[in-house]
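To start, the structure itself, in structure tokens.
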Amino acid sequence: MKKLLLLTIGLSFLLADQIYELNVENMSCGGCAKNIQKLSNTVATVVDMSFDIDTKDLNLTIKDEDDIQKVLELIKEKGYKAKLKN
1 MKKLLLLTIG
11 LSFLLADQIY
21 ELNVENMSCG
31 GCAKNIQKLS
41 NTVATVVDMS
51 FDIDTKDLNL
61 TIKDEDDIQK
71 VLELIKEKGY
81 KAKLKN
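Residue numbers (the UniProt record's numbering): 1 to 86.
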């Protein structure tokens, strides 16, 4: 039973959503945020995106941590300069 509990806890940690803070240097308006928001439709593991236009910050929740590089590449392809803050 103890092994099963430890396995369950370990798996839940691996499957937990990952939250990333990004700075999108040239995101200057709601239209920019909307263009980036459309990316959530192309990456199935993106759970949530929230923006702060004033600070140019993007908070991103992803189910698979490996997909953060995919999201960064897609943002770059849209013409934005994004980098991880944390």
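Virtual Cβ for every residue (Gly too), placed ideally from N, Cα, C.
Whole-angstrom distance between residue j and residue i, CA atom to CA atom
i, j, result
"K81", "D67", "17 Å"
"K33", "M27", "One detail in the question is off: residue 33 reads as Ala in this sequence, not Lys. Looking at the two C-alpha atoms, the distance is approximately 7 Å."
"E21", "K56", "11 Å"
"I75", "L39", "8 Å"
"L60", "D54", "17 Å"
"S12", "V43", "Caution applies to S12, whose pLDDT of 47 falls short of 50 and renders its modelled position unreliable; the value that the coordinates give is listed next. If I take the Cα positions, the gap works out to 22 Å."
"F51", "E77", "19 Å"
Residue range of the unbroken alpha helix (DSSP H) whose run includes residue i
i, result
"L74", "67-77"
"A33", "30-37"
Per-residue DSSP class, three states only, for residue i
i, result
"N86", "coil"
"G26", "Note that residue 26 is Asn in the sequence shown here, rather than Gly. Coil at N26, not helix or strand."
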